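Counting from 1, position 37 in the sequence shown corresponds to residue 37 in UniProt numbering; the numbering is continuous, with no gaps. Glycine included, every Cβ here is placed at the ideal spot set by N, Cα and C. Since this is a predicted model, take the numbers as computed values, not measurements.
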Amino acid sequence: MIEFCNGRLASYKKPRTIEFVDELPRNPSGKVLKVELRETYRKAHQTK
Numbered sequence: 001m002i003e004f005c006n007g008r009l010a011s012y013k014k015p016r017t018i019e020f021v022d023e024l025p026r027n028p029s030g031k032v033l034k035v036e037l038r039e040t041y042r043k044a045h046q047t048k
């Protein structure tokens, strides 16, 4: 996917990493909870 983006997006728009998850956190109306995504990512990539 990153290779696909290389010729199509400006460098500041290209993702640095891509992670696949089984399910996205959603609220009752079906919208993706971006805050929860960020929190999960932050917890998984904390440096101690």
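Whole-Å CB distance - residue i paired with residue j, under 8 Å assumed
i	j	result
P25	L37	7 Å
Cβ-based neighbour list, residue i, same chain, cut-off 8 Å, excluding 5 preceding and 5 following
i	result
M1	P15, I18
Contact set for residue i: own chain, Cβ-Cβ below 7 Å, skip 5 residues either direction
i	result
P44	According to the sequence shown, residue 44 is Ala rather than Pro. Answer for A44: no residue qualifies.
N27	L33
Alpha-carbon to alpha-carbon, residue j and residue i
i	j	result
K31	E23	13 Å
T40	C5	25 Å
K13	Q46	24 Å
E3	S11	12 Å
F20	V35	17 Å
Limits of the alpha helix (DSSP H) - the one that residue i falls within
i	result
L37	34-44
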